[in-house]
Structures are given as structure tokens and as C-alpha cells.
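Just below is one structure, and these are the notes that go with it.
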Amino acid sequence: VIVSYGITPVDATPDDDYVATPAVRTVTIPAEQFGPTTSPFVTITNDIITEPTETLKLEIVSVAFADSSAFPGIRNYERNAYDFDTTLWTVTTDPFAVGTIFDDDKRQVTLTALPPLPSLKEGNDYYNLFGNLTLYPVTLTYTGKTNSLAPFEVIVDAIDGTAAFSDDYNYWDTQSSRTYLVAFAGTVGEVQTIYMLYYGDWTVEADETFLVRATNIYHSSGNSGVTIDTSANTAQLWIPNDDAAEVSVNERLLTGNSWYISEGNMDDPVVEIPLHLSQAVDVPVRVEFTIAGLGGYNLPATVPATNATGFVTPVRGTDDISDLPNAQWDNTAGVWWVTIPANTTAGVIQVKVLSDTGWETTEDIGITLVGITDLPPATGRTGKLTVSTTKNTARLVIWNDD
Numbered sequence: 130v131i132v133s134y135g136i137t138p139v140d141a142t143p144d145d146d147y148v149a150t151p152a153v154r155t156v157t158i159p160a161e162q163f164g165p166t167t168s169p170f171v172t173i174t175n176d177i178i179t180e181p182t183e184t185l186k187l188e189i190v191s192v193a194f195a196d197s198s199a200f201p202g203i204r205n206y207e208r209n210a211y212d213f214d215t216t217l218w219t220v221t222t223d224p225f226a227v228g229t230i231f232d233d234d235k236r237q238v239t240l241t242a243l244p245p246l247p248s249l250k251e252g253n254d255y256y257n258l259f260g261n262l263t264l265y266p267v268t269l270t271y272t273g274k275t276n277s278l279a280p281f282e283v284i285v286d287a288i289d290g291t292a293a294f295s296d297d298y299n300y301w302d303t304q305s306s307r308t309y310l311v312a313f314a315g316t317v318g319e320v321q322t323i324y325m326l327y328y329g330d331w332t333v334e335a336d337e338t339f340l341v342r343a344t345n346i347y348h349s350s351g352n353s354g355v356t357i358d359t360s361a362n363t364a365q366l367w368i369p370n371d372d373a374a375e376v377s378v379n380e381r382l383l384t385g386n387s388w389y390i391s392e393g394n395m396d397d398p399v400v401e402i403p404l405h406l407s408q409a410v411d412v413p414v415r416v417e418f419t420i421a422g423l424g425g426y427n428l429p430a431t432v433p434a435t436n437a438t439g440f441v442t443p444v445r446g447t448d449d450i451s452d453l454p455n456a457q458w459d460n461t462a463g464v465w466w467v468t469i470p471a472n473t474t475a476g477v478i479q480v481k482v483l484s485d486t487g488w489e490t491t492e493d494i495g496i497t498l499v500g501i502t503d504l505p506p507a508t509g510r511t512g513k514l515t516v517s518t519t520k521n522t523a524r525l526v527i528w529n530d531d
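First residue of the sequence shown? That's 130 in our numbering, and the numbers climb one at a time after it.
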């Protein structure tokens, strides 16, 4: 079957947008086949002109035993070289099919940033300036195939994620505004780069992120014809934590890191064993510890249920500890734990002595730090919180005063 078809413009211009000749073309459908071996085609005229999407219509002129389903859907974009291309044919009303010519010559700007680099560090100074192409530049690229109609500026916005503008980061010249203007002459392939300034600190915190986004074009010298490529206008930047903290028991050098307390008769005195973090953490931390007798020491035999506080029914005159007022018991881990508040470096373990009136020898209690965890855990703090290996124990001496 021989099918003759012609091309009729809708809003495409003959010869400017597609080759209009010959006026009538043919395809052959072999015997016992449902379609031609070669699909109907239109040669697209390639250009570098920014223009809207255009359409044309293919119409069957004559056919013997024809079926309009002979026009399979084929989609291609125009190219910037002289080659043959086809377009998308969507059968609408027999015997017509509509072809669409998609423009690929837009004058646009894209924004990109390098991926996070393992060597990138937040630092401890007031700020670190990454003005080095091997670190963290943000690049904007003019992708037009012809020069813009006029110079233009790209409006860039900084958008907080977990990092806060002016607290954690800023533009390299420390602006007070989140909005930044990047000037372009508008030449083909032009690239402009901006750099971000990161404020270093000593706080152990989660890794932080923020966005840099090209949002609009400012035409200071007339319409440039440039737009933002919204599919490639945003970059996420990463500020990795590089601070660490170690928890220890405050030293008492003159007394061998020992705390002394008289047991009293009925008042059950409380002694506080001070804890110290070498750096503040941006969330509360759980400090785990164990207690054990070093001599003449008796702890109530029954410990409380999971995460309860205090001991269960200590026996006065037999047991030496009444309570750990600010600690909780983790029945699964078999440890006690206390909390050091966020953004501080000091905490305490409170030990409540069980007073009695019986004469007895001096009692020694050992407290050993065994673990530290951020609440809640987060990437950036993981592996950065440790227990001191040299200042992790304290000795509490309970003097008999009977």
C-alpha cells in the first residue's frame, strides 16, 4: 500500500522551521504488514534562535487500504547541525497527525556546586573562607547558544536548612542580606563563581546543610532574554562537624580524685561528683556510669526497673547508699546514667548517703564512667563523643562519725 501525505503548518513556518518540499511525500506499507518500513518524517530546520514550541500537521492525501495508525509516535529534538530528524506524531482526528517542534535554544542560567568533600572542615576560627576551586565554590553558567540581548544579573538566595544564615554561614563578603546579585556580561558559555563563608566554632553538633538557589534575573540594562533553568538552579551545601568532646570526672589532685563526706545519723547527705565535657554539645548527652564498692561498702541488692530513679528499699544500718537522685537505671545495659544539658560543659552525679548511728569502718565507693551518647544521635556527632581513659573514675569516701 502506498500512502501519500503532505505537510501543513499550524504555527511553524515552512522552510524556516522545517523543510516544506516536496509538497507530497510517500511511504510504503509492505504486503501483510501493519505499517511502513520507514516512518513518515519531516526534516527540522536547525537554528540557534530562542523561540516557542511550534507545530505542524501531517495529512494523508491519498492511500489505498490505508489506516492512520501507520504513523507511529517518534520524538526527537532539533539539533544544531544539518541532519534529519523526526518529530512526535500524535494522531488526533483521522486522517491527520500533529507534529511538535521543541525549541532547544533557550538563553538560560544554571547553578551547580561541587559535591561534599571529605576534606572539607568547618574549622574553629570565626570563619573559614573557601575561595579555592578544589573546595566549595558555587558556579553559575550561562548556557545560551548566542549572547544575551543585554547584560544581566542573577539573583541568588541563601536558604536555611539545618544551618542558619549569618550564624553558620554567609556569602564571602559577609552580607546582611540573604540575596546576592551575580553580574553577567551575557557571553556564550560565561561562568561566574561565588564563594560561601563558614563560621567555625568549638561546639560538637550535627552536620549542617543549606541551599543556594538562583531565583530570578534582574535586567539592569534592558531585557536580556535570559531565564533561570529551574531544573538546575539549586545546590545543597554541607557543613561537616569537626569538633569532638571528651567527658571526664573533674580531678581532685590533692586527694587522689576522692570526695569525702560524713555519713550523718539521719539526714542522708548528698555529695555531687562533678563531670566535665571538653567541648559543649548542641544537644543533651547521656553519660553512663557504674558504681562499685572499694572497701566496706554495701549497695542495696535490688535495683529499680528500667529508667526508674533511686534504689528499692535501702536498709538503714546495712546499706551505705540511699539513692542516686539525678540518675536513672538502664536495666538493659546494666548502667546508671545522668544527663549533661545542651550547650554546657558541666554536669554532676549525685550520691545520697544512707545515714546510720552504728560504729563502722570508713567506706569507699568507686564511680566509673563507661559511655556517652548524644540525645538524639546524629551524623556529625557520631564518633566524636568519648570517655576519658585517664580521668574516668572517682572515689567517694564515707567517713564514719559514730
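Beta carbons are placed, not taken as given, at the ideal position from N, Cα and C, and that holds for glycine.
Residues bridged to residue 488 (per DSSP): Note: residue 488 sits in no beta bridge, so no partner.
Are the beta-carbon atoms of residue 478 and residue 413 separated by less than 9 Å? no
Can you give me the C-alpha to C-alpha distance between residue 216 and residue 132, rounded to a whole angstrom? Because the pLDDT at residue 216 is just 40, under 50, the model does not fix this residue reliably, and the point stays unresolved.
So for residue 187, helix, strand or coil by DSSP? strand
Is the distance from the Cβ of residue 265 to the Cβ of residue 320 below 9 Å? no
Three-state secondary structure (DSSP) of residue 524: strand
For a minimum of 3 consecutive residues, which ranges assigned as the beta strand (DSSP E) are wholly contained in the region 140–173? 153–157
Mind checking whether residue 417 and residue 462 have CB atoms under 9 Å apart? yes
Limits of the beta strand (DSSP E) - the one that residue 278 falls within: Premise fails: residue 278 is in no beta strand (DSSP E) and is neither H nor E.
Can we say the region 490–509 touches the region 346–355, given the rule of at least three CB pairs closer than 8 Å? no
If you draw a straight line from the alpha carbon of residue 288 to that of residue 345, how long is it in whole angstroms? 15 Å
Identity of the residue in 172, 174 and 156 nearest residue 166 by Cα: 156
Do residue 411 and residue 333 have their C-beta atoms within less than 9 Å of each other? yes
What are the boundary residues of the beta strand (DSSP E) that includes residue 401? 399–406
Give me the residue from 186, 241, 474 and 318 with the minimum Cα distance to residue 230. 186
Same chain only: Cβ atoms within 8 Å of residue 139, ignoring 5 sequence neighbours per side: 183, 184, 185, 186 and 227
Give the DSSP-derived three-state secondary structure of residue 242 in the structure shown. strand
Collapsed DSSP secondary structure at residue 304 in the structure displayed: coil
Neighbour-count burial assignment, residue 311, 16 or more Cβ in a 10 Å radius: buried
Chain-order list of residues whose beta-carbon lies under 7 Å from that of residue 407 (same chain, five-residue window excluded): 374 and 375
Can you find the residues in the same chain that come closer than 7 Å, C-beta to C-beta, to residue 292, ignoring five residues on each side of it along the sequence? 298, 337, 338, 339 and 368
Please list the terminal residues of the continuous beta strand (DSSP E) segment that includes residue 337. 337–347
Tell me, which residues are paired with residue 299 by DSSP? 326
Close Cβ partners of residue 399 (< 8 Å) along its chain, the five nearest in sequence each way excluded: 454, 479, 480, 481 and 482
Is it the case that the Cβ atoms of residue 173 and residue 147 are separated by a distance below 9 Å? yes
Sort 362, 191, 357 and 370 by Cα distance to residue 329 and report the nearest one. 370
Simplified DSSP assignment, three categories, for residue 481: strand
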